[in-house]
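Asker:
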Amino acid sequence: NGTIKAFIGLICLAANATVGMWLINKTDIRRSSIYVYLLCTLAMLGVVLVDAAVPFILANVVYFGFFAISVPLTQSLVADNAQAKDSNLVMGYYNGLKSLGSIFGSLAAGLLYTLNPKLPFVLGLIAFAFATLTAAHYYRLSTLRSPAVDSLEQ
7 NGTIKAFIGL
17 ICLAANATVG
27 MWLINKTDIR
37 RSSIYVYLLC
47 TLAMLGVVLV
57 DAAVPFILAN
67 VVYFGFFAIS
77 VPLTQSLVAD
87 NAQAKDSNLV
97 MGYYNGLKSL
107 GSIFGSLAAG
117 LLYTLNPKLP
127 FVLGLIAFAF
137 ATLTAAHYYR
147 LSTLRSPAVD
157 SLEQ
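Numbering-wise, my numbering comes out as the position in the sequence shown, counting from 1, plus 6.
1. Can you tell me the Cα-Cα spacing of Q122 and F72, whole angstroms?
2. If the criterion is Cβ atoms closer than 8 Å, does the pair A21 and A74 meet it?
3. Are the Cβ atoms of A142 and I40 separated by less than 8 Å?
4. What's the call for G130, buried or exposed, on a 16-neighbour Cβ count within 10 Å?
5. Just the C-alpha distance for N31 and T120, rounded to the nearest angstrom, thanks.
6. Does chain C have any CB closer than 8 Å to the CB of N7?
7. Determine the direct distance from the alpha carbon of G98 to that of K91, and round the result to whole angstroms.
8. Determine the direct distance from the alpha carbon of L79 to that of A154, and round the result to whole angstroms.
9. Return the first residue and the last residue of the alpha helix (DSSP H) that A122 is part of.
10. Report yes if the C-beta distance between Y69 and V84 is below 8 Å; otherwise report no.
11. Is it buried or exposed for I35, if we count other Cβ within 10 angstroms and need 16 for buried?
12. Contact defined as beta carbons within less than 8 Å: I believe L124 pairs with V54. What is the distance between those atoms, to the nearest angstrom?
Spelled out as structure tokens, the structure:
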């Protein structure tokens, strides 16, 4: 377990420091997040579908690599959309919701695990599929907005 966690930690660090930072600095984060959430969804699908130990671990390593990229992308999206006077409040709200999600997600995973060990992963798959659809909807809405509307809001 320790070796696997260390390897996952190195993968996450490398993915975040390279791909994650490149996506944040060089791409439209609204669009990039759709693909990162989709890759997380596909990795979770791999986790759900495989039963052998080695492919299961590999699918998890891939998932954690993409998840490591998704976290700063999401945080950057939230921070970029906060107005200067409310940025502290928005980031506090974001972190509070993230903590609440960790609490209820852990509770749900524990309860689901007692029913079937694969169910927590199915829940993760559903959550990332929903995140992918929500990110795509957000991107579509944000690109439909006219610059005139944005300038009036500021």
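Using N, Cα and C, we set each Cβ at its ideal position, and we do this for glycine too.
Answerer: For this structure:
1. Position 116 of the sequence shown holds residue 122. Position 66 of the sequence shown holds residue 72. The sequence shown places Asn at residue 122, not Gln. Using only the alpha carbons, I get a separation of about 25 Å.
2. In the sequence shown, the residue the question calls residue 21 occupies position 15. In the sequence shown, the residue the question calls residue 74 occupies position 68. At the C-beta level, A21 and A74 come within 8 Å of one another.
3. For this step, residue 142 is matched to residue 136 along the sequence shown. For this step, residue 40 is matched to residue 34 along the sequence shown. For A142 and I40, yes; Cβs fall inside 8 Å.
4. As a first step, residue 130 is located in the sequence shown; it is residue number 124 there, counting from the start. G130 counts as buried, since no fewer than 16 other beta carbons sit within 10 angstroms of its beta carbon.
5. Counted from its first residue, the sequence shown places residue 31 at position 25. Counted from its first residue, the sequence shown places residue 120 at position 114. Rounded to the nearest angstrom, the gap between the Cα atoms of N31 and T120 is 43 Å.
6. The structure shown contains no chain C; it holds only a single protein chain.
7. Position 85 of the sequence shown, counted from the first residue, corresponds to residue 91. Position 92 of the sequence shown, counted from the first residue, corresponds to residue 98. K91 and G98 have their C-alpha atoms some 13 Å from each other.
8. One-based indexing of the sequence shown puts residue 154 at position 148. One-based indexing of the sequence shown puts residue 79 at position 73. Confidence at A154 is low in this model, with a pLDDT of 49, below 50, so the placement of that residue should be treated as unreliable; the coordinate-derived value is given next. When rounded, the distance between both Cα atoms is 26 Å.
9. Against the sequence shown, residue 122 aligns to sequence position 116. The question names Ala, yet the displayed sequence has Asn at residue 122. N122 -> no alpha helix (DSSP H), and no H or E assigned at all.
10. Your numbering for residue 69 matches position 63 in the sequence shown. Your numbering for residue 84 matches position 78 in the sequence shown. No.
11. Reading the sequence shown from its first residue, position 29 is the one you call residue 35. By the 10 Å Cβ count, I35 comes out buried.
12. Here residue 124 corresponds to residue number 118 of the sequence shown, with the count starting at 1. Here residue 54 corresponds to residue number 48 of the sequence shown, with the count starting at 1. Before going on, a small fix: residue 124 reads as Lys here, not Leu. 6 Å between Cβ atoms; contact.
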